[in-house]
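>
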Amino acid sequence: MNSPDHAAQVVGVHADDSAPAGAAGTTSVQRKGMAVTAQGYNFAYLDEQTKRMIRRAILKAVAIPGYQVPFGSREMPLPYGWGTGGIQVTAAIIGPDDILKVIDQGSDDTTNAVNIRRFFAATTGVATTERTTDASIIQTRHRIPETPLAEGQVLVYQVPIPEPLRWLEPSETETRRMHALEEYGLMHVKLYEDIAHYGHIATTYDYPVRVNGRYLMRPSPIPKFDNPKMDMNPALQLFGAGREKRIYAVPPYTQVESLDFEDHPFEIQTWDECCEFCGSKDSFLDEIVTDDAGGRMFVCSDSDYCGQRRAGQAHGGDAAAAQQSQQSPNVPGVPGVSDTPAAQPAETASS
Amino acid sequence: MYVAVKGGETAIANSWRLLAESRRGDPAVPELTLAQIAGQMPLAVARVMGEGSLYDPELAALAIKQAAGDLVEAIFLLRAYRTTLPRLAATQPIDTSRMQLQRRISAAFKDLPGGQVLGPTYDYTQRLLDFSLAADGVRPEAAVAAEPVSASMPRVTDLLGHEGLMQPESPAAGDPDPVDLTREPLDFPAGRDSRLQNLARGDEGFLLALGYSSQRGYSNSHPFAGEIRQGDVEVELVPEELGFAINIGDITVTECQMVNKFIGSEDTPPQFTRGYGLVFGGSERKAMAMALVDRSLRARELGEPVKSPSQDEEFVLYHSDNVEASGFVQHLKLPHYVDFQSELELIRKLRAEHARKDKAA
Amino acid sequence: MLIAGDTLYAGFSDPVFDSQRSFRAVLEATSHPGRIIDVGTPIGAPPPLHPATAAICLALVDFETPVWIQAATDANTHAIENATEHAAESLSQFLRFHCSSPLAADPALAAFAVIHAPAHMPPLTAFSAGLSDYPDRSTTLLIQVDGLSTGRRVQLSGPGIKHTQQLAPSGIPERFWTEWRDNGALFPRGVDVLLICGSDIAALPRTTRVEMTCT
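Protein chains in written order, with this note's numbering: chain A, 4 to 354; chain B, 52 to 412; chain C, 835 to 1049.
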């Protein structure tokens, strides 16, 4: 035990770096034989020094809600823009007892979600799930699950561009200064110009929010439909932008306000249709083209939510109601969450 | 449908198999060996090592093979492997004045101590397809020079430096360790250490275009290729328990020092300034482009107006990396149907309102 | 292993998983300010280091993070008795050995500060509150207290707290709460604090507002 630690001091690297350990096995990476397998890597792929660096950034991010903490993002074996920030955040927090769910566009079975889930299954051996309520960590791209999250869960967002002011001001030096001075007028002007021009705010996803009344934050490209779910959510929300090398966070029970104007209050999307499969009228619906003559059908974007509802319907409305209350014990009384559509699926199911 | 339905996992596995098969090509043709790639495509290997930030010809050859010759993909493979390697120590700076030269040219002086050494270069080849290469068995041999390359090969910039004509480059006070962008995020204003590391890892095509733009009037630089040298340098390490440097191996590098006019300022007399390029292997075009862009990016510190893309450090440094750029451009292939659905809904609403207004009018 | 006197102080028995567990405890504490969380990674720690302090240091501190240790490097604390000096020495030995962390002579340059005698600690303004454009570059204080539920009760609110949260740390000087209010006024700049007792921790991130309650 003595020697690795001591040797590490001598050469200036932390002992853990040279001593990969964990469930995945402890063989060192075979350099010349090229037989590099998942077994050769540290638990969750990242070395321990990198994890410490990311963990420190995450803690500062939670302490300063909505502020983008720069971090030494590493090159991951998946391309930049494909979730490397979310992957690094997940890799830094995940432990052997976690249960991981990965979604892209609300679905567990999209190629990118499958790929990331496989990556963690191979490098950590942790259990994975498609059930929102069973997961302790949910990594997501572009959606917040319809099923309300509970205290103790962590939602990890993959973020392409973390800076909310980036389209208005390309210079990082400038936008950093604007955050420091809380100088957000430019964003209001932009949204107001939309109203003047189109009669509506023309931002439909990645809609800017104010966190805890201070930092302007990009929620990542979730539809604005999901924005209200961020507010006072009992779960911890972490955001990772790998290529842009930023981590930010919304702690549980934190105010998240979508920007709006008194005469143009924030509104979410609605559909005239309901889900073809489960009949939901309150979830975010994907439009599916069924023929080349204008045929369309609408289905839930959240595949687990849709599946649970259908399972509930098969067992009758009571079962669905019982299951729902079991799923989200912390939801009642949580402002901003209790009134999301997903809180009343039993009603919808029986109607 | 490529994503929306169940079965993503199987589809991915099938795609992998198909990729492996198409990468291998016709099985009747012998498979490429790493030695063939490393030995016969040294310039591809050099680029992958340089932009991949890992000096290892064998691994670079593997990456090229695995990437089916897509060098940007190979660079990505090498980078992703590199991140998993533990840091054992930092070497001493390499000393290019002690380089074992294969090539050394200066466009600034007709002759100089040590002379001009052309070395292996495409510069004076006629760009005619050589059909003899299509046949096997050609075994070219170079003649051995009558005399060895001069042992004394001072760098041109050092010669100018003796006269005080060249702006000296000295480390910052206390000689701090350089920034390592593979461990820390970029910070602005970026120091020259960050900028040079970023450019050394930067995409050759991007730097080539930027360097070219700086010659065409998008920035005000008047460069001379003061010296380009290529050869082997020793890599040295000082183990703490020994306290002196030991040689841990040689690497091949190409160094380009561009010499630029600088009219001086209130406190600096007129002198020449330097743009610096250093790359692994024989990537000479990259070294030259790097030196041009390095000089352009010094505009702020030299009090020159910052007006052109090649002088804008945020623009250059944030967009130079082809692993970042390739990932983000190609991420548009990922499903975006949730966002697209949101836009559809908005456009339909706006069109409906537009139609109502038209009717009312 | 580190030998201090006759006692062996090993690091984590499983560096990968113990670090992860300790970090998650700190993350949970920071996400729910004032909530008492058991770090739960059994570890031997040289006195006066509490087990949770040792675990947090092993999980988060390394050669990239300068650490300030109370009394070891502070000339102003000469009033503290010799025992404390000795304590600081074994503490800094532990950190240097297990974490390879540089020691910061100036608390304003520290990423982490370890405080084992809060009565004598410097004011919060002595530590780094970060910059207005980089408020993350601030000190995280690990303050060891005598208890987390046995002292004067304070009421906490802010991000991470649904309504309000009670906390009753003992062994923390009264002036701390006034300094804490001033720290909050600096937002987004400010220091973050972890209160530690034994293997338990409770976090006070800079966003947490404190009200003194009547006892």
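Virtual Cβ for every residue (Gly too), placed ideally from N, Cα, C.
Quick one, which residues of the region 882-907 of chain C are near chain A if we go by CB-CB under 9 angstroms, in chain order?
So the close ones are A893, L894, V895, D896, F897, E898 and T899.
> How long is the line joining the alpha carbons of C/L861 and A/G243, rounded to whole angstroms?
Taking the third sequence and counting its residues from 1, the one referred to as residue 861 of chain C is at position 27. Taking the first sequence and counting its residues from 1, the one referred to as residue 243 of chain A is at position 240. One C-alpha to the other measures close to 16 angstroms.
> Under 8 angstroms, with one C-beta from each stretch per pair, do the region 216-226 of chain A and the region 159-174 of chain A reach the 3-pair mark?
The region 216-226 of chain A, when compared against the region 159-174 of chain A, does touch it at the 8 angstroms Cβ threshold.
> Quick one: which residues of the region 221-255 of chain B get their C-beta closer than 8 angstroms to a C-beta of chain A? List them in chain order.
The region 221-255 of chain B vs chain A, Cβ under 8 angstroms: T233, R234, E235, P236, L237, D238, F239 and P240.
> For chain C, find out if any of its Cβ atoms is closer than 8 angstroms to the Cβ of A/F46; answer yes or no.
Walking along the first sequence from the start, residue 46 of chain A turns up at place 43. It does: the Cβ of A/F46 has a partner Cβ on chain C nearer than 8 angstroms.
> Within the same chain, show all residues whose beta-carbon is closer than 7 angstroms to that of C/P845, passing over the 5 residues directly before and after it, in chain order.
Start at 1 with the first residue of the third sequence, and residue 845 of chain C comes out as number 11. Here the sequence assigns Gly to residue 845 of chain C, which means Pro is not the residue at that position. Taken in chain order, the residues that qualify are L892 and H932.
> Please identify the residue among B/N298, B/A197 and B/S183 whose C-alpha is closest to the C-alpha of B/P191.
Indexing the second sequence from 1 puts residue 191 of chain B at position 140. If we check each option's Cα against that of B/P191, B/S183 comes out closest.
> With 8 angstroms as the threshold, decide whether the Cβ of A/G43 is near any Cβ in chain C.
Start at 1 with the first residue of the first sequence, and residue 43 of chain A comes out as number 40. It does not: the Cβ of A/G43 has no partner Cβ on chain C nearer than 8 angstroms.
> At the 8 angstroms Cβ level, is C/R869 part of the contact set with chain A, yes or no?
Position 35 of the third sequence, counted from the start, is the residue given in the question as residue 869 of chain C. No, because no Cβ of chain A sits closer than 8 angstroms to the Cβ of C/R869.
> Going by DSSP, which residues form a beta bridge with A/H267?
Walking along the first sequence from the start, residue 267 of chain A turns up at place 264. A/H267 pairs with A/F264.
> Consider the Cβ of C/I949: report whether some Cβ of chain A lies at a distance smaller than 8 angstroms.
The count along the third sequence starts at 1 and reaches residue 949 of chain C at position 115. With 8 angstroms as the cut-off, C/I949 does not count as an interface residue toward chain A.
> Use the C-beta contact count for B/Q266: other C-beta atoms within 10 angstroms, 16 or more gives buried, fewer gives exposed.
Walking along the second sequence from the start, residue 266 of chain B turns up at place 215. Per the 10 Å Cβ criterion, exposed.
> Keeping to the same chain, check which residues put their C-beta closer than 7 angstroms to that of A/S306; ignore five residues upstream and five downstream.
Indexing the first sequence from 1 puts residue 306 of chain A at position 303. Excluding sequence neighbours, A/S306 sits near G109, S110, D111 and D112.
> Secondary structure at A/Q326, three-state DSSP: helix, strand or coil?
Within the first sequence, numbered from 1, the residue matching residue 326 of chain A stands at position 323. Interpretation of A/Q326 is limited by its pLDDT of 45, a score under 50 that renders its predicted location unreliable; the figure taken from the coordinates is listed afterwards. Helix at A/Q326.
> Kindly indicate which residue of C/L925, C/A1019 and C/E1045 has the alpha-carbon position closest to the one of C/E1008.
Here residue 1008 of chain C refers to the residue found at position 174 of the third sequence. Of the listed residues, the one whose Cα sits closest to C/E1008 is C/E1045.
> The beta strand (DSSP E) with C/T1012 in it runs from where to where?
Reading the third sequence from its first residue, position 178 is the one you call residue 1012 of chain C. No beta strand (DSSP E) holds C/T1012; the alpha helix (DSSP H) holding it covers R1009 to A1019.
> Run down chain A in chain order and give the residues with a C-beta less than 9 angstroms from the C-beta of C/V860.
For the purposes of this step, residue 860 of chain C is identified with residue 26 of the third sequence, where counting begins at 1. Here the neighbours are R58 and L62.
> So which of C/L1029, C/A905 and C/S962 has the shortest CA-CA distance to C/R1023?
Taking the third sequence and counting its residues from 1, the one referred to as residue 1023 of chain C is at position 189. That would be C/S962, whose Cα lies nearest to the Cα of C/R1023.
> Kindly indicate which three-state DSSP category B/K384 falls into: helix, strand or coil?
Mapped onto the second sequence, residue 384 of chain B falls at position 333. In the structure shown, B/K384 sits in a helix (DSSP, three-state: H, G or I).
> Chain B beta carbons: is any one of them nearer than 8 angstroms to that of A/F123?
Reading the first sequence from its first residue, position 120 is the one you call residue 123 of chain A. Judged by the 8 angstroms Cβ criterion, A/F123 is not in contact with chain B.
> Just how far apart, CA to CA, sit C/G1005 and C/A886?
Within the third sequence, the letter at position 171 stands for residue 1005 of chain C. Within the third sequence, the letter at position 52 stands for residue 886 of chain C. Approximately 17 angstroms, taken between the alpha carbons.
> Flag this pair as yes or no: are the beta carbons of B/G428 and B/M100 separated by less than 8 angstroms?
Lying before the first or after the last residue shown, residue 428 of chain B is absent from chain B, which here runs from 52 to 412.
> Between the region 389-401 of chain B and chain A, which residues of the former have a C-beta closer than 8 angstroms to a C-beta of the latter?
Result list: V389, D390, Q392, S393, E394, L395, E396, L397, K400 and L401.
> Compare the C-beta of A/L239 with all C-beta atoms of chain C and state if any pair is closer than 8 angstroms.
Taking the first sequence and counting its residues from 1, one reaches residue 239 of chain A at position 236. For A/L239, the answer is yes, since a Cβ of chain C falls inside 8 angstroms of its Cβ.
> With A/A252 and A/A64 assumed to form a contact (beta carbons below 8 angstroms), what rounded beta-carbon distance in angstroms separates them?
Numbered from its first residue, the first sequence carries residue 252 of chain A at position 249. Numbered from its first residue, the first sequence carries residue 64 of chain A at position 61. Right, the Cβ-Cβ distance comes to about 4 angstroms (below 8 angstroms), so this counts as a contact.
> For C/D852, count the other beta carbons within 10 Å of its own beta carbon; 16 or more makes it buried, fewer makes it exposed. Which is it?
Indexing the third sequence from 1 puts residue 852 of chain C at position 18. Looking at its Cβ environment, which holds 16 or more other Cβ atoms inside 10 Å, C/D852 is buried.
> At the level of alpha carbons, what is the spacing between A/A296 and B/A403?
For the purposes of this step, residue 296 of chain A is taken as the residue at position 293 of the first sequence. For the purposes of this step, residue 403 of chain B is taken as the residue at position 352 of the second sequence. Those two C-alpha atoms are separated by around 20 angstroms.
> Evaluate the contact criterion for the region 167-184 of chain B versus the region 314-329 of chain B: three or more CB pairs, one atom per stretch, below 8 angstroms.
As far as the Cβ criterion goes, the region 167-184 of chain B does not touch the region 314-329 of chain B, which means the pair count is below three.
> I'd like to confirm the pairing. Which residues does DSSP put opposite B/D372 in its beta bridges?
For the purposes of this step, residue 372 of chain B is taken as the residue at position 321 of the second sequence. For B/D372, which the question treats as bridged, DSSP gives no partner whatsoever.
> Do B/G262 and B/Q308 have their CB atoms nearer than 8 angstroms?
The residue given as residue 262 of chain B occupies position 211 in the second sequence. The residue given as residue 308 of chain B occupies position 257 in the second sequence. Result no, Cβ atoms of B/G262 and B/Q308 do not sit closer than 8 angstroms.
> Which class does A/C281 belong to by DSSP, given the choice of helix, strand or coil?
In the first sequence, residue 281 of chain A corresponds to position 278, counting from 1. A/C281: coil per DSSP, three-state reduction.
> Answer yes or no: do A/C278 and A/L288 have a C-beta to C-beta separation smaller than 8 angstroms?
By 1-based counting over the first sequence, the position of residue 278 of chain A is 275. By 1-based counting over the first sequence, the position of residue 288 of chain A is 285. Yes.
> List the residues that DSSP assigns as beta-bridge partners of A/N45.
To locate residue 45 of chain A, count along the first sequence from 1; it is residue 42. Answer is A/Y48, bridged to A/N45.
> Strictly below 9 angstroms CB to CB, what residues from chain C border A/T257?
Reading the first sequence from its first residue, position 254 is the one you call residue 257 of chain A. What A/T257 touches in chain C: G992, P993, G994 and T1041.
> Please list, in chain order, the chain C residues whose beta carbon lies closer than 9 angstroms to that of A/I96.
Counting from 1 along the first sequence, the entry for residue 96 of chain A is found at position 93. Near A/I96 (Cβ distances below 9 angstroms), the residues of chain C are Q854, F857, R858 and L861.
> Over what stretch of residues does the alpha helix (DSSP H) that includes B/V344 continue unbroken?
Here residue 344 of chain B refers to the residue found at position 293 of the second sequence. Start and end: E335 to L348.
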